[in-house]
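The structure appears right after this line, and notes come after that.
Chains as they are written, first to last, in this note's numbering: chain A, 31 to 418; chain B, 31 to 418.
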């Protein structure tokens, strides 16, 4: 308590107890310590051999499949996707398609086919997954200078664009009411059915990945998944579950989500220590198995670019995995421009407990106002890895 | 859309689609229909035989155990609870105890031992579980005219009082900051660890139930669980998992929670159709197995009182189960005073979709301002069933 009697968050940044036996009466506090004591079962171990790493990767993939709980119905047992309409755009054809993943559902998606592509000259196919609040149309918007799918089409790649569930055309009353996106209710409904939001988004992405392999103008040996922000999560799930995907564009800061949850314990002025994200990010048990850096490490030796920084510790971990897999050059990462100079970055083996969101971003070398699709890094990198 | 262009919730009360194939693009809408199509596996079937009902009850108990995920450590493998202090109150001794369910945790609880009780005269023991926002001390408060535990002690019963996790002494910064209870973060943290809030609260309640059986001044043949509001949820879990509990006081309206979630689809003025409750009520997969009325039906033939109404349909269902179990007199229920006259109640086989919270309460015969511990029904009922 501050001297004037008001509540001072800094006095309560970490959990404390004044009991001689060290026990906590606060449920939030003791759960924190229980969670902290449970290291993820499949945490990447830099000391493992290359052979052990392959077994670990197989376990990673199986565990991700178990957590994602995709329905048994694969693309071949669903109604065939339908091309609804197409129109010529500047340098590419924009196709509007529909996928029918459930009896009750239609899931629209877009396909951008560059003019130079034809079945005699199949192209790289890139699955594009937007960020929170972005409809898929934002990724082709001429007014968006960093329009992921439009820029890929200009490069000559076939871009397939999905909505995150509950966004864009798959939203509920957003357009009528003018309200913001609500993924919490969709997330809740999925969790009630023993599923989860990432399970659904990765199922749709997985079906589209399979669909791309059947399209004659796409080279099935050159599939790429490109996720922005929220879309980087299905990228990770699809990555582990689809060994045939050739390369990955991870466009967000690399977040150690378990550590973030265990360190962002500083309360706000009202004494609230909220969880760092909403329940569309909740997959029960996920953090008992692995965290994001482990998942990216398990993608080795497949080409991977990370474009918006994070903790160097985590990049060293992933680099180590790529080296062990014999492909050190297949992993590339970039920090935000603000932290491009190594002397400006924070280097930590472990983030400290008792921080808030701003402090977390600072320690993770994140520059939130400059969160956008980093075509300046991604397009040259793709040209390079696809020229091989 | 209303004619003036503003958003009118009544126009969107239920999910609609203008597609000829009946499919929904809205994720929220198609998930609604998927969930609706999945009837709970263990839904009570009034047509089953008395023998089938016993097998069904066994399946209900096993399924509840699976969902509650209690740790393996039972009372005998934990440090013994400790009596910290005691003081004489008006007609009873108030004992402050501590339970140690995890290495990192202390969970305080209260025991009220009436003056007339001793080991030669062991008494009925009642586990008392408060509602949302109520510390356990509210249940003994002399200024609370409906103080559950104090009133039980006055009747000569030993009352054992726990906090719901994250409330009262087990809260985090509420006292320092003066903020309200936050069970959402505690619930989230549990879900991240593949557990759930009800799993934790019922684990603590379960340990205390086992502890009560070891106390020489409690008659282990006369254990009662009494839950108010939020506390009625652990009552249900403990009820199925502890066949040795003799009777149950369910002090809330009887809510068909699955139907509530599937019918409260009317948006607010911002177009939001929120889930009816917070994630401290979320148990992934629970509603695929059963709903509250099924659980109460599975308590037959053990004495049960419901004190704050609900839909007559659900009370008929439970009455039918008690009749089948050969104990029709063991189930008693009361409506709110406002709906005591049968002609004032709504009778529905199924609630309609497209309602909001107020409409739900009206159709379920609920009078929210009069939500309190109904000692006027409960105390006479307990005297009656315990005199047998």
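Cβ atoms here follow ideal geometry from the backbone N, Cα and C, with glycine treated the same way.
Predicted model, so just to flag it, every value in this text is computed and none were measured.
- Residues 154, 155, 156, 157, 187, 275, 276, 277, 278, 279 and 412 of the same chain have their beta carbon placed closer than 8 Å to that of residue 254(B), with the five preceding and five following residues left out of the count.
- Under DSSP, residue 123(A) shares a beta bridge with 118(A) and 143(A).
- In the DSSP assignment, the residues bridged to residue 335(A) are 279(A) and 362(A).
- Restricting attention to 386(A), 117(A), 197(A) and 323(A), the CA atom closest to the CA of residue 361(A) is found in 323(A).
- DSSP lists 135(A) as the bridge partner or partners of residue 54(B).
- Residue 313(B) and residue 357(A) have their C-alpha atoms some 43 Å from each other.
- Of the residues 405(B), 339(B), 57(B) and 51(B), the one whose Cα lies closest to the Cα of residue 286(B) is 339(B).
- The beta carbons of residue 140(A) and residue 319(A) sit no closer together than 9 Å.
- Here the C-alpha atom of residue 143(A) lies approximately 9 Å from the C-alpha atom of residue 121(A).
- For residue 237(A) and residue 91(A), the gap between their C-alpha atoms comes out near 17 Å.
- Here residue 294(A) really is in contact with residue 386(A); their C-beta atoms are around 6 Å apart, less than 8 Å.
- In the three-state DSSP reduction, residue 213(A) falls in the helix class (H, G or I).
- Proximity to residue 159(B) across 197(B), 185(B), 40(B) and 134(B) peaks at 197(B), based on C-alpha coordinates.
- About 19 Å separates the CB atoms of residue 297(B) and residue 220(A); that is not less than 8 Å, and the two are not in contact.
- A distance below 9 Å separates the beta carbons of residue 166(B) and residue 192(B).
- Contact between the segment 126-140 of chain B and the segment 172-191 of chain B is present: three or more C-beta pairs spanning the two stretches fall below 8 Å.
- Between the segment 301-312 of chain A and the segment 326-341 of chain A, the count of Cβ pairs shorter than 8 Å is below three; the stretches do not touch.
- Rounded to the nearest angstrom, the gap between the Cα atoms of residue 195(B) and residue 265(B) is 14 Å.
- Neighbours of residue 132(B) in chain A, taken as residues whose beta carbon is under 8 Å from its own, are 60 and 64 in chain order.
- Following the DSSP letters along the chain, one finds residue 356(A) in no beta strand (DSSP E), marked with neither H nor E.
- In the DSSP assignment, residue 253(A) falls outside any alpha helix (DSSP H) and lies within the beta strand (DSSP E) extending over 248-258.
- In the three-state reduction of the DSSP assignment, residue 244(B) falls in the coil class, being assigned neither a helical nor a strand state.
- In this structure, residue 63(A) lies away from residue 402(A), with their beta-carbon atoms at least 9 Å apart.
- The beta strand (DSSP E) runs of length 3 or more contained entirely in the segment 154-238 of chain A are, from start to end of the chain, 188-191.
- With respect to residue 222(B), residue 316(A) sits close: the two C-beta atoms are nearer than 9 Å.
- About 5 Å separates the CB atoms of residue 263(B) and residue 228(B); that is less than 8 Å, so the two are in contact.
- In this structure, residue 226(B) lies near residue 98(B), with their beta-carbon atoms less than 9 Å apart.
- Nearest C-alpha to residue 381(B) among 371(B), 342(B), 289(B) and 374(B): 289(B).
- Taking a 10 Å sphere around the C-beta of residue 376(B), we find fewer than 16 other C-beta atoms and assign the residue as exposed.
- DSSP lists 112(B) and 138(B) as the beta-bridge partner residues of residue 128(B).
- Here DSSP, grouped into helix, strand and coil, assigns residue 340(B) to strand.
- Distance from the CA of residue 42(A) to the CA of residue 384(A), rounded to the nearest whole angstrom, comes to 8 Å.
- Counting only the Cα atoms, residue 272(A) lies some 21 Å from residue 349(A).
- 56(B) is the residue among 56(B), 252(B), 211(B) and 388(B) whose C-alpha sits nearest the C-alpha of residue 136(A).
- Going by DSSP, residue 83(B) is part of the alpha helix (DSSP H) stretching over 80-98.
- Rounded to the nearest angstrom, the Cβ distance from residue 138(A) to residue 248(A) is 19 Å, too far for a contact under 8 Å.
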